[in-house]
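Protein chains: 4
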Amino acid sequence: MPEAPESPAPGPGTRRPGGRTARTRAAVRDAVLAGLVEHGYPGLTVEYVAEHSGVHKTTLYRRWGSLEGLLADALDLAGEDNWTPPDTGSLEGDLRALAREVVASFTDPVTSVSGSAIIAAAFQSRQAADALSAYYEERFKRCEPLVQRAVERGELPAAREGGIDAGALSRAACAPLFFRLFITREPVDERTADQAAAAAVAAAHAGVFTPARDEERVASASGAKETGTHTQP
Amino acid sequence: MPEAPESPAPGPGTRRPGGRTARTRAAVRDAVLAGLVEHGYPGLTVEYVAEHSGVHKTTLYRRWGSLEGLLADALDLAGEDNWTPPDTGSLEGDLRALAREVVASFTDPVTSVSGSAIIAAAFQSRQAADALSAYYEERFKRCEPLVQRAVERGELPAAREGGIDAGALSRAACAPLFFRLFITREPVDERTADQAAAAAVAAAHAGVFTPARDEERVASASGAKETGTHTQP
Amino acid sequence: MPEAPESPAPGPGTRRPGGRTARTRAAVRDAVLAGLVEHGYPGLTVEYVAEHSGVHKTTLYRRWGSLEGLLADALDLAGEDNWTPPDTGSLEGDLRALAREVVASFTDPVTSVSGSAIIAAAFQSRQAADALSAYYEERFKRCEPLVQRAVERGELPAAREGGIDAGALSRAACAPLFFRLFITREPVDERTADQAAAAAVAAAHAGVFTPARDEERVASASGAKETGTHTQP
Amino acid sequence: MPEAPESPAPGPGTRRPGGRTARTRAAVRDAVLAGLVEHGYPGLTVEYVAEHSGVHKTTLYRRWGSLEGLLADALDLAGEDNWTPPDTGSLEGDLRALAREVVASFTDPVTSVSGSAIIAAAFQSRQAADALSAYYEERFKRCEPLVQRAVERGELPAAREGGIDAGALSRAACAPLFFRLFITREPVDERTADQAAAAAVAAAHAGVFTPARDEERVASASGAKETGTHTQP
DNA sequence: TGTTAACCGAGACGGTACGTCGCGTCTTTCT
DNA sequence: AGAAAGACGCGACGTACCGTCTCGGTTAACA
Chain A
1 MPEAPESPAP
11 GPGTRRPGGR
21 TARTRAAVRD
31 AVLAGLVEHG
41 YPGLTVEYVA
51 EHSGVHKTTL
61 YRRWGSLEGL
71 LADALDLAGE
81 DNWTPPDTGS
91 LEGDLRALAR
101 EVVASFTDPV
111 TSVSGSAIIA
121 AAFQSRQAAD
131 ALSAYYEERF
141 KRCEPLVQRA
151 VERGELPAAR
161 EGGIDAGALS
171 RAACAPLFFR
181 LFITREPVDE
191 RTADQAAAAA
201 VAAAHAGVFT
211 PARDEERVAS
221 ASGAKETGTH
231 TQP
Chain E
234 MPEAPESPAP
244 GPGTRRPGGR
254 TARTRAAVRD
264 AVLAGLVEHG
274 YPGLTVEYVA
284 EHSGVHKTTL
294 YRRWGSLEGL
304 LADALDLAGE
314 DNWTPPDTGS
324 LEGDLRALAR
334 EVVASFTDPV
344 TSVSGSAIIA
354 AAFQSRQAAD
364 ALSAYYEERF
374 KRCEPLVQRA
384 VERGELPAAR
394 EGGIDAGALS
404 RAACAPLFFR
414 LFITREPVDE
424 RTADQAAAAA
434 VAAAHAGVFT
444 PARDEERVAS
454 ASGAKETGTH
464 TQP
Chain R
467 MPEAPESPAP
477 GPGTRRPGGR
487 TARTRAAVRD
497 AVLAGLVEHG
507 YPGLTVEYVA
517 EHSGVHKTTL
527 YRRWGSLEGL
537 LADALDLAGE
547 DNWTPPDTGS
557 LEGDLRALAR
567 EVVASFTDPV
577 TSVSGSAIIA
587 AAFQSRQAAD
597 ALSAYYEERF
607 KRCEPLVQRA
617 VERGELPAAR
627 EGGIDAGALS
637 RAACAPLFFR
647 LFITREPVDE
657 RTADQAAAAA
667 VAAAHAGVFT
677 PARDEERVAS
687 ASGAKETGTH
697 TQP
Chain L
700 MPEAPESPAP
710 GPGTRRPGGR
720 TARTRAAVRD
730 AVLAGLVEHG
740 YPGLTVEYVA
750 EHSGVHKTTL
760 YRRWGSLEGL
770 LADALDLAGE
780 DNWTPPDTGS
790 LEGDLRALAR
800 EVVASFTDPV
810 TSVSGSAIIA
820 AAFQSRQAAD
830 ALSAYYEERF
840 KRCEPLVQRA
850 VERGELPAAR
860 EGGIDAGALS
870 RAACAPLFFR
880 LFITREPVDE
890 RTADQAAAAA
900 VAAAHAGVFT
910 PARDEERVAS
920 ASGAKETGTH
930 TQP
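Chains as they are written, first to last, in my numbering: chain A, 1 to 233; chain E, 234 to 466; chain R, 467 to 699; chain L, 700 to 932.
What follows is the structure, given as structure tokens:
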């Protein structure tokens with residue numbers, strides 16, 4: 001992959017990306033993912049990556065700066081697939097499928113490890129957080145056609161006044177799953193996925209994700225002022 | 234709270250919980266929280282706790298086993314407040330207030346630190362994860378009266394066939410916020426909170442959280458089988 | 467060796483010198499000397515000492531601070547022998563023997579290594595320099611009886627006016643050897659040693675090392691002021 | 700000195716010594732000396748020389764092989780001055796002046812640095828040692844006229860049987876100073892210098908440096924056999 | 001006057017050792 | 001007997017400098 005327009009590290013390794021440099025980069029990314037699967041994020045060490053990639057520790061620091069950089073780069077790689085949202089013929093079907101995909105990927109013992117490892121990493125590394133943020137931004141952008149199709153099918157009211165917020169709708173279908181998986185750490189299954197999808201559809205039908213109408217709704221907010229902390233230890 | 238019925242570490246420190254032991258435990262918990270605020274979870278060290286609590290490192294290991302134990306114990310403490318859900322007179326108002334509390338507590342630079350630190354800790358420590366899970370379980374249990382009031386007010390259909398799932402409803406109102414805060418790491422404000430509350434209410438009205446009817450809904454699920462990974466790097 | 471009143475490092479390892487601490491110290495000193503013999507000073511590494519002494523690198527730094535400290539400590543050990551100056555029955559004989567000892571010890575391939583290593587170390591470490599200085603101070607102090615005997619034998623004029631400077635005399639006998647060994651790096655043999663001894667004796671007879679007369683001699687110095695540098699690259 | 704007849708490195712840089720090559724070499728030598736003054740020998744790095752000379756690191760290795768070569772080359776430069784020994788009109792005066800020069804050059808904080816740095820370097824580099832050796836050889840050769848004048852003045856007995864060893868005499872006057880400066884690391888001042896000069900003169904008068912008589916003296920050596928090590932740690 | 005070989009600048013890299021941090025264990029000493 | 005105090009083994013950190021290599025670009029000697 002001689003082309004690599006995105007700049008993971010501004011320092012070395014970006015000026016002469018031919019030959020060895022590129023091979024090195026790929027090896028490193030593989031090692032990072034392998035390390036995540038093997039030990040999880042907290043157990044991932046630079047030295048492990050060095051050993052398993054055949055790239056010397058010093059070089060890793062030179063080019064990626066730190067573990068954070070390594071992870072961010074690995075995430076870039078992960079984002080470069082050609083995933084497309086499901087297309088089942090109905091909005092609820094699509095969202096269900098989407099939600100079930102989430103559940104499946106984080107339930108499967110193999111794939112879940114590296115995924116949650118990166119989410120964990122985002123808590124400790126600005127760089128990883130940014131990479132993760134970009135990753136999901138991209139994912140949900142790819143979901144827009146899903147909503148578009150629903151509008152075309154007439155399942156959602158034609159968006160006269162600004163259109164429906166496709167991103168918000170997709171997020172709504174996934175949010176409860178991630179919440180349960182990584183915050184409250186409750187068990188999730190397909191039932192949970194289906195419920196999340198159903199809730200999102202219901203909210204969409206109620207116009208919650210229609211920006212223009214949102215204005216009206218917000219206007220009626222009673223602006224409760226609380227000082228207590230609810231969901232925070 | 235002189236005695237500690239729940240046993241964080243079964244070994245020493247549980248036999249003679251009077252006097253010094255109790256004082257020690259409190260000091261340790263304070264130090265843990267202070268450490269979290271100061272350095273975040275990844276920067277929290279046993280040695281820091283030892284210094285700031287006046288309890289020797291060796292003792293910390295004897296009684297709490299490791300950092301995980303220290304955190305879990307501190308979480309127990311955090312859960313022992315007398316928080317109650319908001320009561321604004323309407324279901325949507327209550328949920329909005331609830332959601333805004335979440336946003337406020339994780340937006341405030343002071344309170345957000347220790348909160349997200351513990352969530353981060355849960356990724357690296359089984360013990361912390363369990364403690365966090367219990368914490369949220371308790372919180373959402375306390376939200377049941379909120380839903381109950383709505384039913385009594387007639388805002389929600391009387392729960393003839395098993396009643397509404399209060400926990401699911403409350404979670405639905407909070408999930409999108411946590412999702413954006415800690416997974417996709419998008420900016421969150423009161424508008425987001427209001428939208429989340431509205432979506433939850435809409436879903437509730439549509440009967441999504443009514444178990445009995447849930448059966449029916451699930452029955453219509455087309456059981457899409459996907460192998461791709463959607464939301465996972 | 468439970469006693470060890472001299473404090474090589476003020477930090478750890480000095481408070482509780484019982485048992486392990488003492489054993490550790492001896493092992494480390496052996497490893498240091500072995501390292502010097504094997505690689506010379508520039509090739510001596512802390513990691514080598516760690517491996518060959520069985521004491522962990524971290525501990526070495528904790529107790530000795532750095533390579534310098536390790537060397538200084540090893541020097542202390544070396545100084546703790548019971549060397550006494552030769553006693554051949556005549557001043558010149560004694561000085562010859564002394565000078566030949568020097569030549570022998572730095573000519574022998576085995577013993578010379580660690581010796582010159584420490585001299586080399588003194589160039590790079592204040593601590594090693596101090597230790598070396600103390601070592602020679604002690605050695606030459608032990609030579610005083612040698613001169614004393616010569617006075618008693620009548621070989622040297624009775625020291626009426628302040629006595630002869632025993633240290634200066636002994637140093638005079640050794641200086642040319644060290645000079646040739648380590649500065650000009652010329653070959654040195656027993657002939658050189660004998661010449662140095664003879665020169666020292668001649669100077670002593672001429673009263674060069676008799677402080678009181680020194681005053682007179684110095685008075686006649688013409689105080690040449692030169693700006694050029696003679697012996698310095 | 701455009702061309703460089705002596706070959707520090709037989710490889711590159713010797714075939715086309717015109718223009719840039721010569722300029723480069725001078726710049727490098729300056730940088731080496733500057734580095735010595737700034738950080739001392741142990742702190743002198745190839746990278747420093749590269750930066751401060753404007754010559755790339757790779758080139759330094761190509762032409763000088765290593766730090767040692769750089770130093771040896773710099774020493775060659777230092778030896779190429781037109782120093783001559785003092786001429787005060789008397790042997791002792793000359794030697795005093797000589798000795799005081801030594802003291803002065805190694806006492807002055809500016810000039811002493813690079814001088815002792817090179818002596819230190821000789822401990823770690825064969826090449827530097829050879830260069831240093833040659834340097835002093837040359838210096839003491841230049842001192843021969845000094846002794847010659849004394850003979851002509853009648854201060855020293857006419858050298859009938861092989862003449863006096865001028866080199867040994869000059870060395871004798873300097874040795875105690877270097878010994879104290881770099882071995883025992885005692886303070887030295889002009890008094891020390893004068894004493895050294897006086898001792899050398901006395902020894903010379905006693906015929907110590909007259910080779911022919913040396914034979915006789917050595918014959919009387921009693922060949923003491925010692926096993927202890929005197930001056931060596 | 002071109003060619004061509006020697007040389008140089010630039011940058012990345014594998015590698016050794018550094019000196020430090022924090023962990024978790026152990027021993028010793030106090031009370 | 002439990003706790004305080006300290007030393008230690010241990011693994012990993014992030015850095016400095018080493019010496020090597022590859023890649024272009026320049027330059028000087030020679031055809």
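Backbone N, C-alpha and C fix where the C-beta goes; we use that ideal spot for every residue, glycine too.
Which one of the options has the shortest CA to CA distance from residue i?
i       : options                               : result
D539(R) : Q661(R), R657(R) and L598(R)          : L598(R)
L769(L) : A749(L), N781(L), T883(L) and Q894(L) : A749(L)
A134(A) : K374(E), P409(E), I416(E) and L410(E) : I416(E)
G298(E) : S349(E), L308(E), E385(E) and V279(E) : V279(E)
A193(A) : A128(A), T58(A), F178(A) and G35(A)   : F178(A)
T577(R) : E604(R), L502(R) and P653(R)          : L502(R)
A664(R) : C640(R), E652(R) and V654(R)          : C640(R)
I352(E) : L181(A), A34(A) and I164(A)           : L181(A)
Q360(E) : D314(E), E301(E) and R262(E)          : E301(E)
P575(R) : G506(R), D631(R) and P552(R)          : G506(R)
L95(A)  : P211(A), Y136(A), P157(A) and A202(A) : A202(A)
Is residue i close to chain R? Criterion is C-beta to C-beta, closer than 8 Å.
i       : result
Y747(L) : no
L831(L) : yes
Q941(L) : The structure shown has nothing for residue 941(L), since chain L only spans 700 to 932.
G907(L) : Reading the sequence as shown, one finds Val at residue 907(L) and not Gly. Yes, V907(L) counts as interfacial toward chain R.
H929(L) : The pLDDT assigned to H929(L) is 47, lower than 50, so where the model puts this residue is not dependable; a value taken from the coordinates is nonetheless given after this. So, interface residue.
A918(L) : Its pLDDT being 43, under 50, A918(L) is placed unreliably in this model, and the value from its coordinates should be taken loosely. Chain R, which has no Cβ nearer than 8 Å to the Cβ of A918(L), makes this no.
Mind checking if residue i is an interface residue toward chain A, Cβ cutoff 8 Å exclusive?
i       : result
A405(E) : yes
P409(E) : yes
P278(E) : It is worth fixing the name first, because residue 278(E) is Thr in this sequence and not Pro. No - not a single Cβ of chain A is within 8 Å of the one on T278(E).
A264(E) : no
T340(E) : no
A432(E) : yes
Q360(E) : no
A436(E) : yes
A355(E) : yes
Using a C-beta cutoff of 8 Å, does residue i count as contacting chain L?
i       : result
P623(R) : no
I585(R) : yes
S582(R) : yes
R651(R) : yes
Could you give the distance in angstroms between the alpha-carbon of residue i and the alpha-carbon of residue j?
i       : j       : result
A666(R) : T550(R) : 20 Å
E737(L) : S591(R) : 16 Å
R566(R) : L635(R) : 16 Å
T107(A) : G93(A)  : 20 Å
V731(L) : L743(L) : 8 Å
A255(E) : G167(A) : 51 Å
A895(L) : V801(L) : 11 Å
L308(E) : A78(A)  : 35 Å
A362(E) : A354(E) : 7 Å
D447(E) : H289(E) : With a pLDDT of 46 at D447(E), under the threshold of 50, the predicted position of this residue should be treated as unreliable, though the coordinate-derived value follows. Using only the alpha carbons, I get a separation of about 54 Å.
R848(L) : K840(L) : 14 Å
Distance cutoff 8 Å, beta carbons only. Does residue i sit that close to anything in chain E?
i       : result
E80(A)  : no
E138(A) : no
Q148(A) : no
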